[in-house]
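Student: Structure in structure tokens, see below.
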Amino acid sequence: MSSDRRALPGDPRVRELVRQAQGVSRRRFLAGAAGVVGAGALLGACGTAGPTQAGDGGRGDGPLRWANWTQYLDQDEDSTSFPTLVAFEESSGIDVEYYEDIEDNDSFYGKISRQLENGQDVGYDVVTLTDWMAARWIRQQHVAELDRTRIPNAENILPNLAAVDFDDGRRFSLTWQSGFAGIAWNREVIPDGLRSVSDLWDPQYRGRVLVLSEMRDTIGLLMLENGMDPAGSWTTDDWFDALDVVQRNLADGQIRQVRGNSYTQDLASGDAVACIAWSGDITSLNYENDGKFAFAIPDAGGTLWSDNLMVPKASSRRAQAEDLFDYYYDPVVAAEVAAWVNYVTPVQGAQEAMTQIDPELAEDPMIFPTEEILSQVHVFRTLTPAEEERYNGQFLEAIGA
Amino acid sequence: MSVATALQRPGGAPGAAAGRPAPPGGAGSGHRRLIVPGVLYLLVFFVLPVGVLLATSFYARVPGGELGEFEPALRWQNYPEALAQFWPQLLRSFGFAAAATVAALLVGYPMAYVIAVRARGRPALQGLLVVLVVAPFFTSFILRTIAWKQILSDDGRVVGALRWLHVLPPDGRLSATSAAVVVGLTYSFLPFMVLPLFASLERLDPRLLEAGADLYATPLTTFRRVTLPLSAPGVVAGTLLTFIPAVGDYVNSSLLGNNTTTVMIGQVVDARFFRVLDYPTAAALSVVLMVSILVLVTAYVRRAGTEELV
């Protein structure tokens, strides 16, 4: 234990960081820097090395390695450290290595699937993956069962997230954040704003539109636009009708690129003026860009997704991971994270804690959604393995993969 | 098993064998021992992976299996299927790589000439210039490519200037186009062009140029008849070192290109392998790429007739 401890306690700078984390809600950050880390990970993750122990979920040596998406954990003003994480390291004595390695679910899975199949260490002790990908990991038995008695705060999980179809009773996963996919635009170029996904196809934005490489978000929004509910019983034809829209707009150059988490770079650089986007990213991006961007759930509806914390089976540091999960399910900590990432927090009590940090954010429907917002968003229904292979394959082919 | 143990194994006392000149009869075996680490290295890191790649390219899908589940088979149809679907990307890769190689030669030759011939006799300057050519390698390849994304962005100076000059239409752009990918490739592999050219131009005897002038040849004729032929080995080596990695590159096309008209074969292999988890198609495309490069390079070297490649 003591060998894991970082030489930080008592350091006045760390104390200052922790104080800031508790007192300040909005932090500036360098979107570009975060994005670069993500893009580097795009290619760097191929050869992740690590101890290949078949762990039984004990308390192995070494740092806890956490793979997450970019801009998905509170950062300090220089974007050099993560205040809540530093506070966790200090209080628990657990050293955490935080990697912004997830650009999208498919590419992350593809890079480590071989190790997963062979039951080897994948280079991470905690991964943060979207519902459908989490479902795949749990179905294929790649994740360790959590000892919920060691995570008492997990009782704070929102009732609608406590039981999910892919993990009944939340034995293998806990929600990290939830969010919406909708449309975003540059206010300077499009002062009147956008209302529907079809507005993205306006010829005056030709070549300056992006869509997401997450099939369920891009196709989900297009299905909603076509009057189909991705959560309901749609047909193959409905799905392909939505794909046709993507292909047509790619072919005639309306869509500039299909992007993963790095789409925010293109918005920031001005190369893109409108896109399909994730709710929290736009709020974060606005801190850096003086409110230049806007996000909306389209009139026809948006999608709702959640990302889930899980421990790969071969990890030998399940105990430390459980300590981390317990820490982030503390309502005060959850509120601090939500105040920075601006996604929907899964922790009950965080709204009350938020009133202490920033009363305005406590009323933000993108963090604490109202019934009205929730009635506008849909969860893409769970696909069978055969469906997933077919639709994912078709989508990836359409976007040049 | 490590290379170090492999080095020590033959011959019992490695120190003695290396330190003393081998007896006349045993000279051959002594030299042969030196080749052991290299051969082992190639076996482990080249022959074996290529074997695995070849085997994978014939794998077949397990009926009703999980995503990415394949079984060993001899499914030769993987090849025609992969080619039927991805021939445009394959052809495009060779086209882009050829364009980038020509561009790198046009940019790199004058650079190498200045460093090797004009800066001759000034070792400090020459050293500095060579360091400048190599300097980009000190930063990450990805970061440099992302930098190009910024340089070529719609609101950047380059696009602004080209629009002002009416080279680009008012709504024209560079990033997410073929031009951006070729520019990126040219930049990425330029040092591989300059360094071999420099190496061969450095040996150019200036007296030959003087002789050319004495014989009433114009500078252009001297260049065409003397300098260029003498630097041919550098040109051949440089074009090969630029062309081969450029064909398989996927970083430039992923970061600077779009999802349709700029997709190169490396990008397809990457996506098939890491995103679609279609290992046999990815392997088959890699084999096709390797064989096509080998055929092209062999033909090129034969035609260029340069035996002593630097």
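Those sequence lines, one after another, are chains G and A. Read in this note's numbering, the first sequence has 477 at position 243, and its numbers run on one by one without any break. Read in this note's numbering, the second sequence has 1544 at position 181, and its numbers run on one by one without any break. Backbone N, C-alpha and C fix where the C-beta goes; we use that ideal spot for every residue, glycine too. None of these values were measured; they are calculated from a predicted model.
Helix or strand or just coil, what does DSSP make of TRP1527/A?
Tutor: Walking along the second sequence from the start, residue 1527/A turns up at place 164. Three-state DSSP puts TRP1527/A in a helix.
Student: Count the other C-beta atoms from every protein chain shown that fall within 10 angstroms of the C-beta of GLY525/G, then say buried if there are 16 or more, exposed otherwise.
Tutor: If you number the first sequence from 1, residue 525/G lands on position 291. Residue burial annotation: GLY525/G is exposed, with fewer than 16 other C-beta atoms found within 10 angstroms of its C-beta.
Student: Give me the residue from LEU434/G, GLY504/G, ASN523/G with the minimum Cα distance to LEU484/G.
Tutor: Against the first sequence, residue 484/G aligns to sequence position 250. Comparing Cα-Cα distances from LEU484/G to each of LEU434/G, GLY504/G, ASN523/G, the minimum goes to LEU434/G.
Student: Three-state secondary structure (DSSP) at ARG1666/A?
Tutor: In the second sequence, residue 1666/A corresponds to position 303, counting from 1. Of the three classes helix, strand and coil, the one that applies to ARG1666/A here is helix, per DSSP.
Student: For PHE316/G, which of TYR332/G, SER325/G, TRP512/G has the nearest alpha-carbon?
Tutor: As a working mapping, residue 316/G is identified with position 82 in the first sequence. Considering only alpha carbons, the answer is TYR332/G.
Student: For ASN302/G, report the span of its beta strand (DSSP E) as first-last.
Tutor: By one-based count along the first sequence, residue 302/G stands at place 68. Annotation: the continuous beta strand (DSSP E) that includes ASN302/G extends over 298-303.
Student: When you compare the CB of LYS547/G with every CB in chain A, is at least one pair closer than 8 Å?
Tutor: Numbered from its first residue, the first sequence carries residue 547/G at position 313. With 8 Å as the cut-off, LYS547/G does not count as an interface residue toward chain A.
Student: Applying the criterion that 16 or more other CB atoms from any shown protein chain within 10 Å of the CB defines a buried residue, is VAL1402/A buried or exposed?
Tutor: The sequence position of residue 1402/A within the second sequence is 39, counting from 1. So VAL1402/A counts as exposed.
Student: Can you tell me whether GLU1573/A is helix, strand or coil according to DSSP?
Tutor: Residue 1573/A sits at position 210 when you count from the first residue of the second sequence. Helix, per DSSP.
Student: Please report the residue range of the beta strand (DSSP E) in which TRP574/G lies.
Tutor: Here residue 574/G is taken as the residue at index 340 of the first sequence, counted from 1. Looking at the DSSP string, TRP574/G is not in any beta strand (DSSP E); the run it does join, the alpha helix (DSSP H), is 565-575.
Student: Short check: CB of LEU1553/A to CB of GLY1471/A, under 8 Å?
Tutor: As a position in the second sequence, residue 1553/A is number 190, starting the count at 1. As a position in the second sequence, residue 1471/A is number 108, starting the count at 1. A contact, by the Cβ cut-off of 8 Å.
Student: Roughly how many whole angstroms lie between the Cα atoms of ARG384/G and VAL492/G?
Tutor: Indexing the first sequence from 1 puts residue 384/G at position 150. Indexing the first sequence from 1 puts residue 492/G at position 258. Spanning the two alpha carbons is a distance of roughly 41 Å.
Student: Quick one: complete alpha helix (DSSP H) runs, 4+ long, within the segment 1588-1636 of chain A?
Tutor: Listed in chain order, they are 1595-1611, 1614-1619.
Student: Return the CA-CA distance between ALA1447/A and GLY494/G, expressed in angstroms with no decimal places.
Tutor: Counting from one through the second sequence, the residue named residue 1447/A turns up at place 84. Counting from one through the first sequence, the residue named residue 494/G turns up at place 260. Whole-angstrom Cα-Cα distance: 28 Å.
Student: Counting pairs of Cβ atoms below 8 Å between the segment 561-568 of chain G and the segment 580-596 of chain G, do you hit three or more?
Tutor: yes
Student: With H, G and I counted as helix, E and B as strand and the rest as coil, what does DSSP make of GLY413/G?
Tutor: Along the first sequence, read from residue 1 onward, the residue named residue 413/G stands at position 179. Strand.
Student: Just verifying my parser: in three-state terms, what is the DSSP assignment at TYR1422/A?
Tutor: Taking the first residue of the second sequence as position 1, residue 1422/A is located at position 59. Residue state, collapsed to three classes: coil.
Student: Just verifying my parser: in three-state terms, what is the DSSP assignment at TRP371/G?
Tutor: Counting from one through the first sequence, the residue named residue 371/G turns up at place 137. Here TRP371/G sits in helix by DSSP.
Student: Which first and last residues belong to the alpha helix (DSSP H) in which LEU455/G is found?
Tutor: By one-based count along the first sequence, residue 455/G stands at place 221. Start and end: 449-459.
Student: Using the Cα positions of ALA568/G and PRO593/G, report the straight-line distance between them to the nearest angstrom.
Tutor: Here residue 568/G refers to the residue found at position 334 when the first sequence is read from its first residue. Here residue 593/G refers to the residue found at position 359 when the first sequence is read from its first residue. C-alpha separation (whole angstroms): 15 Å.
Student: Kindly list the residues whose CB is nearer than 8 Å to the CB of LEU1417/A, restricted to its own chain and excluding five residues on each side of it in sequence; keep chain order.
Tutor: Your numbering for residue 1417/A matches position 54 in the second sequence. The answer, listed in chain order, is ALA1646, VAL1650.
Student: Take every Cβ of the segment 1602-1615 of chain A, pair it with every Cβ of the segment 1457-1471 of chain A, and state whether three or more of those distances are shorter than 8 Å.
Tutor: yes
Student: Run down chain G in chain order and give the residues with a C-beta less than 7 Å from the C-beta of THR1623/A.
Tutor: The count along the second sequence starts at 1 and reaches residue 1623/A at position 260. The contacting residues are LEU484, ALA485, GLY634.
Student: Against chain G, with Cβ distances strictly below 8 Å, would PHE1555/A count as a contact?
Tutor: Position 192 of the second sequence, counting from 1, holds the residue named residue 1555/A. Chain G contact via Cβ: absent.
Student: Determine the direct distance from the alpha carbon of GLY1427/A to that of GLU621/G, and round the result to whole angstroms.
Tutor: Along the first sequence, one-based indexing puts residue 621/G at 387. Along the second sequence, one-based indexing puts residue 1427/A at 64. Looking at the two C-alpha atoms, the distance is approximately 12 Å.
Student: For a contact defined as C-beta to C-beta under 7 Å, what are the partners of LYS345/G on chain A?
Tutor: Residue numbering aside, residue 345/G sits at position 111 when the first sequence is read from its first letter. Residues of chain A passing the Cβ test: PHE1637.
Student: What is the DSSP secondary structure of TYR625/G, reduced to helix, strand or coil?
Tutor: By one-based count along the first sequence, residue 625/G stands at place 391. Reduced to three states, the DSSP call for TYR625/G is helix.
Student: What's the call for GLU556/G, buried or exposed, on a 16-neighbour Cβ count within 10 Å?
Tutor: Here residue 556/G refers to the residue found at position 322 of the first sequence. Buried: at least 16 other Cβ atoms inside 10 Å.
Student: Quick one: does PRO619/G have its CB under 8 Å from some CB of chain D?
Tutor: You won't find chain D in this structure, because its protein chains are G and A.
Student: Considering GLN491/G, what are the terminal residues of the beta strand (DSSP E) in which it resides?
Tutor: Sequence index remark: in the first sequence, residue 491/G carries index 257 (1-based). Residues 489-493.
Student: Just to check my reading of the structure: ARG1635/A and THR1644/A have Cβ atoms closer than 8 Å, yes? What is that Cβ distance to the nearest angstrom?
Tutor: The residue you call residue 1635/A lines up with position 272 of the second sequence. The residue you call residue 1644/A lines up with position 281 of the second sequence. Right, their Cβ atoms sit about 5 Å apart.
Student: Decide if PHE1561/A is buried, meaning its Cβ has at least 16 other Cβ atoms within 10 Å, or exposed.
Tutor: Translated into positions along the second sequence, residue 1561/A becomes position 198. Classification of PHE1561/A: buried, given that the 10 Å Cβ count is 16 or more.
Student: Going by beta-carbon coordinates alone, are GLY1531/A and VAL1545/A separated by less than 8 Å?
Tutor: Taking the second sequence and counting its residues from 1, one reaches residue 1531/A at position 168. Taking the second sequence and counting its residues from 1, one reaches residue 1545/A at position 182. Sequence inspection shows Leu at residue 1531/A; the Gly mentioned does not correspond to that position. Taking 8 Å as the Cβ cut-off, LEU1531/A and VAL1545/A do not qualify as a contacting pair.
Student: Can you name the residues of chain G whose CB is closer than 7 Å to the CB of VAL1626/A?
Tutor: By 1-based counting over the second sequence, the position of residue 1626/A is 263. Under the 7 Å cutoff, chain G gives GLY634.
Student: Quick check on DSSP: helix, strand or coil for VAL1639/A?
Tutor: In the second sequence, residue 1639/A corresponds to position 276, counting from 1. Coil.
Student: Mapping the DSSP letters down to three states, classify HIS612/G as helix, strand or coil.
Tutor: Along the first sequence, read from residue 1 onward, the residue named residue 612/G stands at position 378. In this structure, HIS612/G counts as strand in the three-state DSSP scheme.
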